[in-house]
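**Student:**
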Amino acid sequence: MPIKVLIPTPLRPYAGKQAVLEVTGQTVGEALSDLVAQYPDLRKHLFSEEGKLRSFVNVYLNDEDIRYLSKDTTPVKETDTITIVPSVAGGR
Amino acid sequence: MAELVDGSQVTLSNEEILRYSRHLIMPEVTLEGQKKLKAARVLCVGTGGLGSPLALYLTAAGVGTIGLVDFDVVDYTNLQRQVLHHTGDVGRLKLDSAIDKLKAINPFVEIKRFDTYLNSQNALDIFRDFDIIADGTDNFATRYLVNDACVLSGKPNVYASIFRFEGQASIFATEAGPCYRCLYPEPPPLGLVPSCAEGGVLGVLPGLLGVIQATEVIKLILGVGEPLIGRLVLVDALAMRFRELRVRKNPDCPVCGANPTVKELIDYIQFCGVRGEESEAPSSVKIPEIQPEELKRRLDAREDIYVLDVREPHEYQICNISGYLIPLGDLPKRVHELDSSCEIVVHCKSGMRSAKAVDFLRKSGFKRVTNLTGGILAWADRIDTSLPKY
């Protein structure tokens, strides 16, 4: 079942320049695995060497941070949107 | 939230009442609200892209005391978006330029100047005399510093940040709400997120976000509306879509959590790994370099040198030295277009991307590849001054 993943600007160069991608999976973890399988360049920006989600990248299921849900075991359904929110610092 | 500002001791002259009449006739402001604005003390960290609209609108609104922190000088490339500064200000201290314009808009506002680089030694002292801090800085180290200093001083941090055509805004460091570290416990590694100089920024974008910041500052002072506490607004200016995500206070946050481990300001430059913005080539192996003069000499002598340009096509259109264009991001896929038996000199705009390209090519087995020191900017400076710089 296709789930939408919103790709933030700094990561679009590694996601074929796309802003929205479709992935499949029953959980957030599976959806992200599908994402980096489709676009392997994204892997190092999202995950550490040990496969943990990097702490300067937040993943939201709809409007809630997955850290406060069930992290990567959070179940997803077809109408859900996963948003990747990396930290940016620009202000000048 | 407990009242941030007490306006009861403030008086407004007839002149001020006329000036702010459009505020006073609104039930959300009234005379009482305007007095709170006058009693309020807001510190703007940075007078650039975000700081410009922030300071302009807070001044117009009649915030009584505005502090400005900036050590920088106005640069020609700032004028595309830092609307506090004019062409004639290039070369002046941003603070001086800012104060001139703000005083001209509203002489009733007291402006406090801090011509300094905000750091762990001075931040708490500077923050002490203000009620609200508005973060308009441009690097991760200062953002973490401002956040931590806000939490430790008990001052709200009205935050915004931008990248190209996207922005974020929120309010951090209120007592019940999250802080910046609740959202991002750690900064990204050096070089992952380019600064405005490297990535570019739509000039209007900090205008949009800076006014959102000013709006939130004013709402906090007046105690009206729903402030962005626990809410992260994401703005995509190209699509003109605004989304909102929930930010929760992290009970284990090292700064604002139940058992904080950070109780004083740390070394933020070290925390972010040198600086939070890209400044030097990150490779630990020495990259072979060639100076522009040497390349010019050898090209003029018709030596067999292949010039590779790793910038983007739109940069090539601005200026080029007839190099073969393979943007850095495409290099791994297109490396077969290069002949490793040739001597290759790689350049980009200023020498950082090309250093990464040289590193990659050497690791791919290319032995005769060097980096043009200073990139096409150095070439335009020293070899061919007819080339436009950007």
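Taken in sequence, the protein lines are chains A and B.
Numbering follows numbering that gives the first Met the number 0, in which position 40 of the first sequence is assigned residue number 39; successive positions increment by one, without gaps.
Numbering follows numbering that gives the first Met the number 0, in which position 188 of the second sequence is assigned residue number 187; successive positions increment by one, without gaps.
We treat Cβ as the ideally placed atom computed from N, Cα and C, and that holds for glycine.
Closer than 8 angstroms, CB to CB, is E392 of chain B near chain A or not?
**Tutor:** As shown, chain B starts at 0 and ends at 389. That puts residue 392 of chain B outside it, with no answer to give.
**Student:** From E165 of chain B to L53 of chain B, what distance separates their C-alpha atoms?
**Tutor:** 18 angstroms
**Student:** Going straight from the alpha carbon of T72 of chain A to that of K154 of chain B, what length do you get?
**Tutor:** Their Cα atoms are separated by approximately 37 angstroms.
**Student:** Note down the Cα distance separating G6 of chain B from L52 of chain A, rounded to an integer number of angstroms.
**Tutor:** Each residue's Cα considered, the two are about 47 angstroms apart.
**Student:** Please decide whether V126 of chain A counts as near chain B, where near means a Cβ-Cβ distance under 8 angstroms.
**Tutor:** Chain A is shown from 0 up to 91; residue 126 of chain A falls before or after that span and cannot be answered.
**Student:** Just the chain B side, please: which residues come within less than 7 angstroms of T78 of chain A by C-beta, in chain order?
**Tutor:** The premise fails here: T78 of chain A is roughly 16 angstroms from chain B at the closest Cβ pair, so nothing lies under 7 angstroms.
**Student:** At which residues does the alpha helix (DSSP H) containing P291 of chain B begin and terminate?
**Tutor:** 291-299
**Student:** Is Q120 of chain B close to chain A? Criterion is C-beta to C-beta, closer than 8 angstroms.
**Tutor:** Output row for Q120 of chain B: interface = no.
**Student:** Please give the ranges of any alpha helix (DSSP H) in the segment 33-101 of chain B, keeping only runs that are unbroken, at least 4 residues long and fully inside the region.
**Tutor:** 50-60
**Student:** Buried or exposed for M391 of chain B, please, with buried defined as at least 16 other CB atoms from any protein chain shown within 10 angstroms of its CB.
**Tutor:** The question about residue 391 of chain B has no answer, for chain B in this structure spans 0 to 389.
**Student:** Considering only their Cβ atoms, is the gap separating V58 of chain A from P85 of chain A smaller than 8 angstroms?
**Tutor:** V58 of chain A is positioned such that its CB atom lies no closer than 8 angstroms to that of P85 of chain A.
**Student:** Quick one, which of B:A377, B:L67, B:L117 has its alpha-carbon nearest S96 of chain B's?
**Tutor:** B:L67
**Student:** Would you please verify whether the beta carbon of F113 of chain B is less than 8 angstroms from any beta carbon of chain A?
**Tutor:** Judged by the 8 angstroms Cβ criterion, F113 of chain B is not in contact with chain A.
**Student:** How is the alpha helix (DSSP H) around C241 of chain B delimited, first residue to last?
**Tutor:** Per the sequence shown, the amino acid found at residue 241 of chain B is Phe instead of Cys. No alpha helix (DSSP H) contains F241 of chain B, which is instead part of the beta strand (DSSP E) from 240-245.
**Student:** Let me make sure I understand the geometry here. Which of A:L34, A:P7, A:G50 has the alpha-carbon closest to that of A18 of chain A?
**Tutor:** A:P7
**Student:** Counting pairs of Cβ atoms below 8 angstroms between the segment 240-253 of chain B and the segment 175-190 of chain B, do you hit three or more?
**Tutor:** yes
**Student:** Thinking A39 of chain B and I220 of chain B are a contact (beta carbons under 8 angstroms), I'd like their distance in whole angstroms, please.
**Tutor:** Sure, about 5 angstroms apart at Cβ, within 8 angstroms.
**Student:** Do three or more CB pairs link the segment 42-57 of chain B to the segment 199-215 of chain B at distances below 8 angstroms?
**Tutor:** yes
**Student:** Select from B:F139, B:F129, B:L244, B:L3 the residue whose C-alpha is nearest the C-alpha of D64 of chain A.
**Tutor:** B:L244
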